[in-house]
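Okay, so here's the structure we're looking at.
Residue numbers (the numbering used here): 11 to 384.
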């Protein structure tokens, strides 16, 4: 047994990925890909510690999935993410992998560990089997290696290697740059990297997402404020008063945001847009909803439908129902018939009945993005 930490890089923006969700959040049955890969590799060896590097916008959400790992915020590049993760590594050796290597077999992990004394970094690599042309010149394919991850490094050496402004695409390149030694082992065709999306057809260990549906409930209440524009469901309504709030006070959109976050198990609106942050002072709630819709898509969900009830003595809702419905449909990116709006009064009871404010209750349904249909 060697003193070894596993670092899983899952903080990327999936900028080259052609599917709708970010690759690290594709669901494998009921698990996001980053968790599936981490569990799979974690079962191959008794690592002293396992660190998952996540995107700053998704890190808190990631933490909901497991108490077994340390979660660290990534940077704007792979190298920054690596450096952030290494600050938390205390073992003599570290194994770093990209979450895009979904199906690394146990034999590769075993070989990496059994060769740890051979060099500063141990690297799985494939030989080129096709003719190789570099800048219009055919070169000897025997001189070409296709480098894979995970790679096993001496931690101190890797930390030193990353203390540079030069950007490297893998650990071995950085270690070689400071004169470190490299030992290659046989890689595996099973360790194909998921980069653009179409490769997923050739990655055999991945199961289709489950067909579960997730229900979320949201409620928001705002009192009236004189001489403030009224915005409800993203629609400006002619009124001498609006809603008292840190943002524009769109009580309907706020309730939908909470319903969406509830269905995804992602907390509430205050965790994403705290009312103590001046950045959201008088914020347009339509923009907040767009951010949440993007988040929902990034982490692997599709919106099925929403249903909401507006409880108001005033203003009258019926004249605005259709435009509100159309606006919400556009904001959520779902057909208009999947947005249902209801309105009722409080029968003159309570603060709503006294015409002091409005409440909205919303229900949203989500399902996993089905990457098998692309």
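All C-beta atoms in this analysis are idealised placements derived from N, C-alpha and C, irrespective of residue type, glycine included. Keep in mind it's a predicted model, so treat the numbers as computed, not measured.
I believe residue 351 touches residue 334 by the beta-carbon criterion, under 8 angstroms. Please report the beta-carbon distance rounded to the nearest angstrom.
6 angstroms
In the DSSP assignment, find the unbroken alpha helix (DSSP H) run with residue 264 in it and report its ends.
261-274
Nearest-angstrom Cα distance between residue 312 and residue 118?
36 angstroms
Count the other CB atoms, across all protein chains shown, that sit within 10 Å of the CB of residue 156; report buried if there are 16 or more and exposed otherwise.
exposed
Short Cβ contact (9 angstroms threshold) for residue 204 with residue 111:
yes
Residue 266: buried (16+ other C-beta within 10 angstroms of its C-beta) or exposed?
buried
Taking only three categories from DSSP, how would you classify residue 41?
strand
According to the neighbour-count rule (16 or more other Cβ atoms, all chains shown, within 10 Å of its Cβ), is residue 219 buried or exposed?
buried
Out of 75, 105, 321, 189, which one is the CA nearest neighbour of residue 229?
321
Could you check the C-alpha separation between residue 371 and residue 225 for me, to the nearest Å?
13 angstroms
Return the residue from the list 295, 58, 51 that minimises the CA-CA distance to residue 11.
58
Within the same chain, show all residues whose beta-carbon is closer than 7 angstroms to that of residue 171, passing over the 5 residues directly before and after it, in chain order.
184, 185, 187, 188, 190
Compare the Cα-Cα distances from residue 3 to each of 246, 314, 326 and report the closest residue.
Any question about residue 3 goes unanswered here, given that the chain covers just 11 to 384.
I'd like the ranges of any beta strand (DSSP E) spanning at least 3 consecutive residues and lying wholly in the stretch 55-104.
59-64, 80-83
Segment contact flag, the stretch 65-72 with the stretch 81-97, C-beta cutoff 8 angstroms, min 3 pairs:
yes
Cβ atoms of residue 161 and residue 131: under 9 angstroms apart, would you say?
yes
Within 9 angstroms, strictly: CB atoms of residue 30 and residue 378:
no
Alpha carbon of residue 91 to alpha carbon of residue 19, nearest angstrom:
7 angstroms
Spatial neighbours of residue 239 in its chain, beta-carbon cut-off 7 angstroms, leaving aside the 5 residues before and after
246, 252
Thinking C-alpha only, which one of 231, 259, 257, 315 is nearest residue 346?
315
Ordered along the chain, which non-local residues of its own chain (more than five positions away) have a Cβ less than 7 angstroms from that of residue 181?
106, 131, 161, 163, 168
Same chain only: Cβ atoms within 6 angstroms of residue 79, ignoring 5 sequence neighbours per side
60, 62
Taking 8 angstroms as the threshold, find out whether the stretch 297-309 comes into contact with the stretch 270-282 through three or more Cβ pairs.
yes
Between residue 32 and residue 368, what straight-line distance do the alpha-carbon atoms span, to the nearest angstrom?
37 angstroms
At a Cβ threshold of 9 angstroms, is residue 58 touching chain B?
The displayed structure is made up of one protein chain only, and chain B is not part of it.
What beta strand (DSSP E) runs, 3 residues minimum, are completely inside the stretch 228-255?
240-242, 245-247, 251-253
Tell me where the beta strand (DSSP E) around residue 164 begins and ends.
161-164
Check the DSSP bridge columns for residue 367 and list the partner residues they point to.
233
To which residues of the same chain is residue 292 closer than 7 angstroms at the C-beta, ignoring the five residues directly before and after it?
257, 258
Helix or strand or just coil, what does DSSP make of residue 148?
strand
List the residues that DSSP assigns as beta-bridge partners of residue 378.
311
Around the C-beta of residue 199, are 16 or more other C-beta atoms found within 10 angstroms, so that it is buried, or is it exposed?
exposed
Beta-carbon gap between residue 268 and residue 278 smaller than 9 angstroms:
yes
In DSSP terms, what residue 219 is bridged to
39
On the three-state DSSP scale, how would you describe residue 305?
helix
Considering only the beta carbon of each residue, do residue 129 and residue 192 sit closer than 9 angstroms?
yes
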